[in-house]
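Going line by line, the protein sequences match chains C and E. 29 is the number of the first residue of the first sequence in the working numbering; add one for each residue after it. 29 is the number of the first residue of the second sequence in the working numbering; add one for each residue after it. Quick reminder that beta carbons are idealized off the backbone N, C-alpha and C, glycines included. Everything numeric in this text was worked out from a predicted model, so none of it was measured. Accompanying notes for the structure given below.
Protein chains: 2
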Amino acid sequence: MSTPGPMHVVQTFIGEWPKGLAELRQAFSDWLAEDARYENVGLTSTGTRDDAIALIDTFAEGLDNIAVDMLAIAQDGERVFTERVDYLRKADGTVLATIRLMGIFVVRDGRIVEWRDYFHAAPPSGGA
Amino acid sequence: MSTPGPMHVVQTFIGEWPKGLAELRQAFSDWLAEDARYENVGLTSTGTRDDAIALIDTFAEGLDNIAVDMLAIAQDGERVFTERVDYLRKADGTVLATIRLMGIFVVRDGRIVEWRDYFHAAPPSGGA
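Structure follows, in structure tokens:
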């Protein structure tokens, strides 16, 4: 059986996110290497798959799934570059947060070994 | 004369930044299209080359040049994806700010028509 290529891995991984929280967790479990290094650069940094999965719970209160607009994607060897808009959503489709970002994935032997998302997390507003 | 390709344009553009403020401004002038759309996503957005050049003055007090570690770069058609560390420096080499980021450039006819850098700009710290 051939190992899926980096582009296929990343697209399949992200393709699971909109389906629901169970599928989102399962995708992290299926596609991250056990020692995957995952960063939301300047915000969070984890060094194991288990810690990455645990981090999902901190993304947004009430999160069920993440819809993604893939604005651009490119592969160079083991690296996959993405420009995306991620929509963190509740189960009823309500958008909790919209994040414009770029992310880079390094894929080896069919698993994501490094993943860095870059975006500006604005400080909480003081209100209307 | 052939038009330089997107990868060459981006590498030449960024290659000027470490040389000094005059060269940095000149690089913006030489390589951005007149109606270039340049965003530091979530932070600033400009729609002309002149406005982009004016924005340089706001990057950091005392800025002279920008050194760049190009961690990864890839081209897909007219798009160039970069993962970088940008070091905003004074003339004596003192680093004013270190920015981990990804940026995407869209190049047409040898000029940058779109440029988006993505990074987390931490709010100013309240002190030690």
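(1) With three or more beta-carbon pairs closer than 8 Å as the criterion, would you say the stretch 103-114 of chain E touches the stretch 123-137 of chain E?
(2) Helix, strand or coil for residue 155 of chain E? Go by DSSP, reduced to three states.
(3) By the three-class DSSP mapping on this structure, what secondary structure does residue 41 of chain C have?
(4) Whole beta strand (DSSP E) runs in the stretch 47-127 of chain C with 3 or more residues, listed along the chain?
(5) Flag this pair as yes or no: are the beta carbons of residue 119 of chain E and residue 97 of chain E separated by less than 7 Å?
(6) Would you tell me roughly how many angstroms separate the C-alpha atoms of residue 33 of chain C and residue 85 of chain E, rounded to the nearest one?
(7) What's the gap between the Cα of residue 149 of chain C and the Cα of residue 70 of chain E?
(8) Once you ignore the five residues that flank residue 156 of chain E on each side, which residues in its own chain have a CB closer than 7 Å to its CB?
(9) For chain C, find out if any of its Cβ atoms is closer than 7 Å to the Cβ of residue 104 of chain E; answer yes or no.
(10) In angstroms, rounded to a whole number, what distance separates the CA positions of residue 141 of chain C and residue 125 of chain E?
(11) Give the residues of chain C in contact with residue 148 of chain E, contact being defined as C-beta atoms less than 9 Å apart.
(12) Establish whether the CB of residue 129 of chain C and some CB of chain E are separated by less than 7 Å.
(13) Taking a Cβ distance cut-off of 7 Å, strictly less, list which residues of the stretch 88-115 of chain C are near chain E, in chain order.
(14) Among the candidates C:127, C:45, C:138, whose CA atom is the shortest distance from the CA of residue 145 of chain C?
(15) If you measure from the beta carbon of residue 132 of chain C to each beta carbon in chain E, is any gap under 7 Å?
(16) Compute the beta-carbon to beta-carbon distance between residue 57 of chain E and residue 81 of chain E, rounded to the nearest angstrom, for a pair I have assumed lies under 8 Å.
(17) Measure the C-alpha to C-alpha separation of residue 139 of chain C and residue 67 of chain E and round it to an integer number of angstroms.
(18) Can you look up residue 141 of chain C in the DSSP assignment and give me helix, strand or coil?
The answer reads as follows:
(1) Yes: the two stretches touch, three or more of their Cβ pairs being nearer than 8 Å.
(2) Since pLDDT at residue 155 of chain E reaches only 46, below the 50 mark, its modelled position is unreliable, and no value is offered.
(3) helix
(4) You should have 60-68, 72-74, 93-104, 107-117.
(5) Against a cut-off of 7 Å, the Cβ pair of residue 97 of chain E and residue 119 of chain E comes out as no contact.
(6) Counting only the Cα atoms, residue 85 of chain E lies some 44 Å from residue 33 of chain C.
(7) 8 Å
(8) Note that residue 156 of chain E scores a pLDDT of 41, beneath 50, so its modelled location is shaky; the value from the coordinates is reported in the next line. Closer than 7 Å at Cβ, skipping near neighbours: no residue.
(9) yes
(10) 29 Å
(11) Listed along chain C, the residues sitting closer than 9 Å to residue 148 of chain E by beta-carbon distance are 68, 69, 70, 71, 146, 147, 148, 149.
(12) Chain E contact via Cβ: present.
(13) For the stretch 88-115 of chain C, which is checked against every Cβ of chain E, the residues closer than 7 Å are 100, 102, 104, 107, 109, 111.
(14) C:127
(15) yes
(16) 6 Å
(17) 32 Å
(18) strand
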